[in-house]
Amino acid sequence: MSPVLPGSFLFRYELEAVRLDRAPGRKDPLPDLSHLDPLPDFRSLSQPKDSPPVVSFASVRLGWHESGLGVQLEVTGKSRPVRCREESPDASDGLTLWIDTRNTQTIHRASRFCHALGLLPSGGGRGGDTPVVVYCPIARARDEPPAVARGTLRIESQLLKDGYRLQAWIDSSALFGWDTDTIDAVGFTYRVRDNELGDQVLALGDEFPYDRDPSLWSVLRLAAG
Numbered sequence: 000m001s002p003v004l005p006g007s008f009l010f011r012y013e014l015e016a017v018r019l020d021r022a023p024g025r026k027d028p029l030p031d032l033s034h035l036d037p038l039p040d041f042r043s044l045s046q047p048k049d050s051p052p053v054v055s056f057a058s059v060r061l062g063w064h065e066s067g068l069g070v071q072l073e074v075t076g077k078s079r080p081v082r083c084r085e086e087s088p089d090a091s092d093g094l095t096l097w098i099d100t101r102n103t104q105t106i107h108r109a110s111r112f113c114h115a116l117g118l119l120p121s122g123g124g125r126g127g128d129t130p131v132v133v134y135c136p137i138a139r140a141r142d143e144p145p146a147v148a149r150g151t152l153r154i155e156s157q158l159l160k161d162g163y164r165l166q167a168w169i170d171s172s173a174l175f176g177w178d179t180d181t182i183d184a185v186g187f188t189y190r191v192r193d194n195e196l197g198d199q200v201l202a203l204g205d206e207f208p209y210d211r212d213p214s215l216w217s218v219l220r221l222a223a224g
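Under numbering that gives the first Met the number 0, residues 0 to 224 are what the sequence shown spells out, in order.
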């Protein structure tokens, strides 16, 4: 008999982002986070003992700084090109991050401190072949964060033989409420969507409304370097 609720629903997971020594300037290359450990995959904790092991096709790495958040994603195992459209980030190959800078954990509808960002390895620009960061609306949100200035979201990508790698920098001004003098953790979850390989999530899957309910997000600690 399968459990009524997956194990990943019964716990509020905590994970850590390491502090970066410096933030990139406007003309600096984006930080390489390859030396950091990838985020853990909590899905295996809800698998019955006799189930096939959970296979991860994506590695997500994070590093924080007082002035922003660095992100790196690597996807492997693909045999087909990426499919991305800036106008349809939810249906595109790429990474979606959900961040609550107040780490409220008790609200079921997003506040102005809640953000959803789609990071796509292509799909932007006139030819639809440049990487792009897209602000995504959160369904049923009570309020939305303020609009952000151009240049606060940076992204680069490299298409590989069997996948892709992307790096992004999210400036603190693009994350309403990001003030590391007063906060040491944020609410957080992610989804890597791939039209060939499927979805990889941090903990809860589509059987729960994690894409719009901040109480289902995990806790990301902003750890010292």
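Each residue gets a CB set at the ideal place from its N, CA and C atoms; glycine is no exception.
Inset, instruction - Count the C-beta pairs between the segment 143-152 and the segment 105-121 that are closer than 8 Å, then say yes if the count reaches three, no if not. - result: Because the criterion of three Cβ pairs below 8 Å is met, the segment 143-152 and the segment 105-121 touch.
Inset, instruction - Decide if the segment 95-109 is in contact with the segment 76-83; the criterion is three or more beta carbon pairs, one per stretch, under 8 Å apart. - result: When C-beta atoms of the segment 95-109 are compared with those of the segment 76-83, fewer than three pairs fall below 8 Å, so the two segments do not count as touching.
Legend entry - Residue of E155, D178 and F175 minimising C-alpha distance to A167: Cα-wise, what sits closest to A167 is E155.
Legend entry - Residues sharing a beta bridge with G162, DSSP: L159.
Legend entry - Per-residue burial, K77 [other beta carbons within 10 Å of its own, 16 or more giving buried]: Classification of K77: buried, given that the 10 Å Cβ count is 16 or more.
Inset, instruction - Please say whether L14 and L35 have beta carbons closer to each other than 8 Å? - result: Contact: no.
Legend entry - Strand pairing of S58, partner residues [DSSP]: Checking the DSSP bridge columns, you'll see S58 partnered with E73.
Legend entry - Local conformation of C135 per DSSP, three classes: C135: coil per DSSP, three-state reduction.
Legend entry - contact_flag[the segment 13-29, the segment 211-224] where n(CB pairs < 8 Å) is 3 or more: Yes: the two stretches touch, three or more of their Cβ pairs being nearer than 8 Å.
Legend entry - Straight-line Cα distance separating G117 from S55: Distance between S55 and G117, taken at the CA atoms: about 20 Å.
Inset, instruction - Reducing DSSP to helix, strand and coil, say where P30 ends up. - result: In the three-state reduction of the DSSP assignment, P30 falls in the coil class, being assigned neither a helical nor a strand state.
Legend entry - Simplified DSSP state of F41, which is helix, strand or coil: F41: helix per DSSP, three-state reduction.
Legend entry - Where A173 sits in the DSSP three-state scheme: Collapsing the DSSP output to three states places A173 in a helix.
Legend entry - From G204, S172, W177 and T188, residue whose alpha carbon lies closest to that of R101: Considering only alpha carbons, the answer is W177.
Legend entry - Alpha-carbon spacing of V191 relative to I137, whole angstroms: For V191 and I137, the gap between their C-alpha atoms comes out near 17 Å.
Inset, instruction - Would you list, in sequence order, the uninterrupted beta strand (DSSP E) runs of no fewer than 3 residues that lie entirely inside the segment 103-130? - result: List check, beta strand (DSSP E) in window: 113-123.
Legend entry - Paired residues, beta bridge with E13 - DSSP: For E13, which the question treats as bridged, DSSP gives the partners V218.
Legend entry - D99 in three-state terms, based on DSSP: Strand at D99.
Inset, instruction - May I have the straight-line CA-CA distance separating A57 from G150, to the nearest angstrom? - result: Between A57 and G150, the C-alpha separation is close to 27 Å.
Inset, instruction - Quick one: measure Cβ to Cβ for P23 and L32, integer angstroms, because I've assumed they're closer than 8 Å. - result: Going by Cβ atoms, the distance from P23 to L32 rounds to 12 Å, so no, they are not a contact pair.
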